[in-house]
Structure formats: structure tokens, C-alpha cells
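*Asks:* Sequence positions in the sequence shown follow this note's numbering and run 140 to 367.
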Amino acid sequence: MAQGVNVQTSAGYRRQVIILPHLVDWSSPRVSCSLGRNFNDFLITQGLVKPGEDAYTLNPPETMPEWICAWIMHSCDTVQIDGTQRPATEIRLSFSNAQKMRAAASWNFGQINDQGNVRWQKNDVTQKWGGNPSVSRLVSQYMVSLKRRKVHAGETACSARAITPAMLETIYHYNNADGRTTVQPFGSTNLGRWEGARARLLCFTAYLLAFTCLLRVDEVIQIRAHEI
């Protein structure tokens with residue numbers, strides 16, 4: 140057992156993981172995501188999707204992984220989608236933002252097409268492409284190359300496993316102190332308080348699963364009740 144984690148806190152971790160499926164509406168057909176809408180708007184702007192259509196409800200074409208890379212490149216890369224270098228004075232989003240964009244695409248495609256984290260590949264029988272286009276070799280390779288360019292440009296690399304057992308214990312005790320486990324309504328007048336008991340529990344469980352199972356954020360948010 141890790142230092143700083145005792146039997147009581149371990150039992151608390153297990154309790155929170157067990158009750159998680161009862162706090163989330165896993166049947167929701169789609170989680171509204173601003174990044175997900177941003178991707179669809181980008182495809183419409185580029186003429187790849189017609190206005191009024193939803194890229195997530197279509198049968199993804201073979202080129203969908205390329206479209207995802209182009210979307211991320213448009214906002215985060217030093218190279219523009221036409222292949223030219225972006226001016227140094229132009230603001231680019233960080234690699235962390237690029238990871239969030241890919242996670243949003245993975246989540247939406249996984250939920251709409253019920254593909255989860257299935258790798259994007261061609262069916263030898265039907266000769267059609269299927270799976271999650273965000274979980275493709277092309278997108279993975281692009282993210283690796285983007286990270287190299289970001290580091291070369293001087294952007295500080297962030298660790299995907301920076302959280303420690305001691306941090307998890309601190310979060311656990313904070314969530315269970317001073318009546319914070321009580322579910323109660325509260326107004327939105329205080330912008331500094333955006334969360335309630337359920338939101339804190341949900342976030343903590345996501346941190347715990349990511350740390351314990353060595354998962355990425357986009358992999359954690361794709362977990363469904365029947366998979367636990």
C-alpha cells in the first residue's frame with residue numbers, strides 16, 4: 140500500500156468507484172462539448188461538411204483522421220494547414236490544448252458511433268473503414284510530431300502522471316470534510332464555486348482511475364457503466 144494511504148482511505152476509494160455509475164447518465168447520446176462543436180464548425184468552414192450536417196452522425200470517411208489532424212494543426216501547430224510556416228507573432232494553442240481537442244474528438248466519435256476506443260482500421264471483408272477515427276495511427280503519429288515541435292520551440296512539456304498518491308489522499312480528505320459529501324442545491328452567484336458533491340466525486344474518480352490504470356484523459360471519459 141502506498142505511503143500516506145491507509146485502510147480507511149482505500150475503502151473510501153473503493154466506495155466511490157462503486158457508486159460512480161449511479162451518478163452519471165451514461166445513456167446520454169452525446170455529451171455537449173464546446174471543442175466537439177468547434178471541430179464540426181471547422182469542417183463546415185473548410186467545406187468538408189455541409190452546413191447543418193453533423194460530422195459525428197455521419198459514417199466517417201476514410202479521410203476523417205486527416206481532418207482531425209488538420210483541425211488540431213489549425214489551432215496549435217507552427218505549420219498551417221496549407222503547409223506554410225505560421226508567423227512567429229501569431230498565437231498558437233499549447234500541446235495541452237491539442238490533447239484536449241483530440242480527447243474531445245475521441246469522446247464524441249466513441250459515443251455517437253458506439254465505437255469507444257476501437258482503433259480506426261479497414262475491414263478486409265467489406266473494404267470499409269470503421270472504428271474511432273481519432274484513435275488512428277495517423278492521429279497518434281501527428282500528436283507525437285506536434286509534441287516534438289512544441290518542445291523544440293521551447294514549450295514546457297507537461298507530465299501525464301504528475302499526480303501522486305499523497306495528492307489523491309489530500310483530494311479525498313477535502314471532498315469528505317466539512318459536510319462536502321452532502322448533496323444540496325446552491326446558486327450560481329459565486330463564480331468560485333462551480334462544483335457540488337457529485338461533481339467533486341466524479342472528478343476525483345476520474346483522477347483515481349487515470350492514476351491507477353495509467354490511462355489518458357480521453358480513455359477515462361470513454362469508460363461506461365457496463366465496462367466496470
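Here a beta-carbon is modelled for each residue, glycine too, at the ideal position from N, C-alpha and C.
For W268, which three-state DSSP category applies?
*Replies:* Three-state DSSP puts W268 in a strand.
*Asks:* If you run the structure through DSSP and keep just helix, strand and coil, what is V188?
*Replies:* Coil, per DSSP.
*Asks:* Relative to the C-alpha of K372, which candidate in V359, R363, A364 has its C-alpha closest?
*Replies:* Because the chain in this structure spans residues 140 to 367, residue 372 falls outside the shown range and cannot be described.
*Asks:* Any idea what DSSP makes of R287, helix, strand or coil?
*Replies:* DSSP places R287 in helix when its eight states are reduced to three.
*Asks:* For my contact list, N314 and R339 are in at a C-beta cut-off of 8 Å; report their separation, rounded to the angstrom.
*Replies:* The Cβ separation is near 5 Å, so the contact holds.
*Asks:* Of the choices C208, E308, F178, whose alpha-carbon is the least far from that of V274?
*Replies:* For V274, the nearest C-alpha among the options comes from C208.
*Asks:* What residues in its chain sit with their C-beta under 6 Å from that of A345, if we drop five residues either side in the sequence?
*Replies:* Cβ within range, chain order: V359.
*Asks:* Can you give the Cα-Cα distance for Q185 and F343, rounded to whole angstroms?
*Replies:* In a straight line, the C-alpha of Q185 is about 38 Å away from that of F343.
*Asks:* Sorted by chain position, which residues of the same chain lie with C-beta nearer than 7 Å to E201's C-beta, five sequence neighbours on each side aside?
*Replies:* If we look at E201 and ignore the five residues flanking it on each side, its Cβ neighbours are W268.
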